[in-house]
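This report concerns only the one structure given below.
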Amino acid sequence: KTKQKAIEKAMGDWIFQIDADERVSSNLAREINEVVNSSNEELVNRVLWSMSSKKHSLFSRHQHLIEQREGKLGHPTGEVVAFFVPRRNIFLGKPLIYGGVYPDGVIRLIKNGKARLPAKSVHELMEIDGEVGWLVNDLEHHDSPTLERYLERNNRYTDLIAKDLKKEGVSVNYWNFFVYSFIKPTMVFLSLYLRHKGILDGMRGFIWSMFSALRFPVAYFKYWQNEKI
28 KTKQKAIEKA MGDWIFQIDA DERVSSNLAR EINEVVNSSN EELVNRVLWS
78 MSSKKHSLFS RHQHLIEQRE GKLGHPTGEV VAFFVPRRNI FLGKPLIYGG
128 VYPDGVIRLI KNGKARLPAK SVHELMEIDG EVGWLVNDLE HHDSPTLERY
178 LERNNRYTDL IAKDLKKEGV SVNYWNFFVY SFIKPTMVFL SLYLRHKGIL
228 DGMRGFIWSM FSALRFPVAY FKYWQNEKI
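Numbering (our numbering), first residue to last: 28 to 256.
Here it is in structure tokens:
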């Protein structure tokens with residue numbers, strides 16, 4: 028809600044949203060400056076050019092996964108009004124490259140009056156009145172400089188997942204206890220660490236994969252506790 032109010036108060040033609048733990052590189056700043064000073068025809072050409080970049084397959088796959096979860100982003104109007112920005116997550120002092128983390132795209136550059144943030148889920152997906160493209164340069168995300176900071180965030184995230192379990196009406200029974208305690212975390216860990224090559228990020232990749240998997244049992248235990256009180 029706070030972010031949406033800030034968007035509504037913005038006066039410029041374009042709005043770039045950034046969080047306190049994010050950093051804009053000089054290359055990204057130049058790219059943003061080029062976009063906001065481009066005509067729509069130039070923006071369409073930029074989107075077509077980005078589709079030929081080496082990162083496009085990653086961008087396309089990431090956007091597809093988001094749309095599977097939250098629904099179609101934007102619609103064809105002939106006007107490019109929003110851009111995903113790829114984020115490079117700095118985890119315990121170094122960027123995570125593998126483990127399904129990158130590109131972690133977020134829509135941050137939007138044309139004023141063409142997007143809104145309903146804040147209806149954990150994933151803040153904007154509603155876009157127009158077409159969406161991708162910027163190529165990364166936004167640095169320093170959200171987990173220490174393990175303590177990461178665990179604090181993870182604790183809040185599992186609270187939100189537990190609330191989602193309640194909304195979905197997940198049953199509290201022995202079968203779901205087994206699913207959320209063993210099956211889901213095992214599948215998630217193997218997917219992140221092996222299939223998505225988190226192993227190549229060394230110890231950081233192992234820690235990330237393990238705690239990402241452990242969100243499921245922790246969230247389910249919180250949900251179980253709340254239901255039993």
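In this text, a Cβ means the ideal position worked out from N, Cα and C, and glycines have one as well. All figures in this text were calculated on a predicted structure; none of them were measured in a lab.
Any chance the stretch 162-182 sits against the stretch 232-252, with 3 or more Cβ pairs inside 8 Å? These segments touch.
Do the CB positions of leucine 119 and threonine 173 come within less than 9 Å of each other? Start at 1 with the first residue of the sequence shown, and residue 119 comes out as number 92. Start at 1 with the first residue of the sequence shown, and residue 173 comes out as number 146. Yes; because the gap between Cβ atoms is below 9 Å, this pair is in contact.
Is DSSP giving proline 172 helix, strand or coil here? Looking up residue 172 in the sequence shown gives position 145. Residue state, collapsed to three classes: coil.
What is the DSSP secondary structure of glutamine 252, counted as helix, strand or coil? Position 225 of the sequence shown, counted from the start, is the residue given in the question as residue 252. Here glutamine 252 carries a helix assignment [DSSP, helix/strand/coil].
Counted within 10 angstroms of its Cβ, other Cβ atoms place leucine 123 as buried (16 or more) or exposed: Numbered from 1 along the sequence shown, position 96 holds the residue referred to as residue 123. Counting Cβ neighbours within 10 Å, leucine 123 comes out buried, since at least 16 surround it.
Cross-strand partners of proline 103 (DSSP beta bridge): Position 76 of the sequence shown, counting from 1, holds the residue named residue 103. In DSSP, proline 103 forms no bridge with anything.
Is the beta carbon of phenylalanine 110 sitting closer than 9 Å to the one on glycine 160? Here residue 110 refers to the residue found at position 83 when the sequence shown is read from its first residue. Here residue 160 refers to the residue found at position 133 when the sequence shown is read from its first residue. A Cβ-Cβ contact shorter than 9 Å links phenylalanine 110 with glycine 160.
The stretch 130-138 in contact with the stretch 85-95 per 3-pair CB rule at 8 Å: yes
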